[in-house]
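So the mapping is simple: our numbering equals the position in the sequence shown, first residue as 1, plus 3. Encoded as structure tokens, the structure appears first; notes follow it.
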Amino acid sequence: MISRYSQQQPGTDKIVQRLQRLLMRIDTVVEEAEGRRITNQGMLRQLKMLRQGMYRGHYVLDALRFQAICDKEGEEVSHSSSALSKLRPPKRLRASCAGGGSSDREAVLLSGANNSIQEELQRLVDTLEETMAGMKEFLFFLESYPRILRQPYGTYLILDNCMFGRQTDLERVLNFLLRPNAMHELAVLPIVGPIRVGKSTLIEYVCRDESVRDHFSTILFFPEGSLKNEGLIDLRGNNFNGLVRHQNCASQKRLLIIIEIAEDINERTWRRMKSSITCMTPRG
């Protein structure tokens, strides 16, 4: 479809081929980076920027395919009615192009304006090539980060189409939990969303991560409704009552508590929980 459309628009064929080859390179780099445990914030920002460029490039290719299909349908209609073909308005395709350091802008590609299409495609390819050229240090340091073990939860989490974007959520949770500086106040990370969107899967994957298990001496899980039991709230004296998900005696005394709730909890319960945790763990 893209080849057919390019033949109708002389001058864009080579640019489209460059874009396809460039996206193959970017796809490879993104896939490799998502398979590594990256902790450097600068590299994570670079990876985010590369993902955005990848999405824009694929969007433009999809838009060109759609344009070719529409043109083909228009040709079929023109055979039966030349008058309708003359009155058919030009179609518009919208593609996002990255500006250097500025907010994204939208470029309008007109099917009747060949120069506009070629210019916008060239601008997109130049931007992506410039981005890839600046990734040399990224690729060099990427090799120093360990690979993510593809356990069943991890494979489902990253590859299932229904879990789109979950890798980014995983990175945010891990970065929050593995911050090197201890917090004087209890740090809380809410994970909120509708039922059956993958929150429990995300938490399960985090709990299985080796870096999290090494960082925390104890991981506790409070299932839905457990905070109504007054006995479970008082954690002093190691009164865990089967709540332990993981224990690592060799680790420093850090405690990770996961609470599953589907309704509001009164403030008195939260205060008792906080008091118990503060007495148990001098660190964060």
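From the three backbone atoms N, C-alpha and C, an ideal C-beta is built for every residue, glycine too. Please read all numbers here as calculations on a predicted model, not as lab measurements.
In three-state terms, what does DSSP make of Thr15? Along the sequence shown, read from residue 1 onward, the residue named residue 15 stands at position 12. Thr15 carries a coil assignment under DSSP once its states are collapsed to helix, strand and coil.
For Ser214 and Gln125, the rounded distance between their alpha carbons: As a position in the sequence shown, residue 125 is number 122, starting the count at 1. As a position in the sequence shown, residue 214 is number 211, starting the count at 1. Pairing Gln125 with Ser214, the inter-Cα distance amounts to about 43 Å.
Residue burial classification, Asp1 (beta-carbon count within 10 angstroms, cutoff 16): Beyond the ends of the chain as shown, which are 4 and 287, falls residue 1; an answer cannot be given.
So the beta strand (DSSP E) Val247 belongs to, where does it begin and stop? Taking the sequence shown and counting its residues from 1, the one referred to as residue 247 is at position 244. Taken as a continuous stretch (DSSP letters only), the beta strand (DSSP E) holding Val247 covers Val247 to Gln250.
Start and end of the beta strand (DSSP E) containing Pro221? One-based indexing of the sequence shown puts residue 221 at position 218. Per the sequence shown, the amino acid found at residue 221 is Thr instead of Pro. Residues Thr221 to Phe225.
Mapping the DSSP letters down to three states, classify Arg150 as helix, strand or coil. Residue numbering aside, residue 150 sits at position 147 when the sequence shown is read from its first letter. Residue state, collapsed to three classes: strand.
Say whether the segment 55-75 touches the segment 200-211, bearing in mind that this needs 3 or more beta-carbon pairs closer than 8 Å, one atom from each stretch. Because the criterion of three Cβ pairs below 8 Å is not met, the segment 55-75 and the segment 200-211 do not touch.
Beta-carbon proximity of His61 to Leu26, cut-off 8 Å: One-based indexing of the sequence shown puts residue 61 at position 58. One-based indexing of the sequence shown puts residue 26 at position 23. Contact flag set, yes.
Have a look at the DSSP bridge pairing and note the partners of Leu124. Taking the sequence shown and counting its residues from 1, one reaches residue 124 at position 121. Paired residue(s): none; Leu124 is not in a bridge.
Find out if the Cβ-Cβ distance for the pair Leu127, Val33 is shorter than 8 Å. Residue mapping note: residue 127 aligns to position 124 of the sequence shown, counting from 1. Residue mapping note: residue 33 aligns to position 30 of the sequence shown, counting from 1. In this structure, Leu127 sits away from Val33, with a CB-CB distance that is not shorter than 8 Å.
If you count every other CB in all the chains shown that lies within 10 Å of the CB of Lys17, and 16 or more means buried, which is it? As a first step, residue 17 is located in the sequence shown; it is residue number 14 there, counting from the start. Flag for Lys17 reads exposed.
Can you find the residues in the same chain that come closer than 8 Å, C-beta to C-beta, to Ile280, ignoring five residues on each side of it along the sequence? Counting from 1 along the sequence shown, the entry for residue 280 is found at position 277. Excluding sequence neighbours, Ile280 sits near Leu189, Leu238, Leu258 and Ile260.
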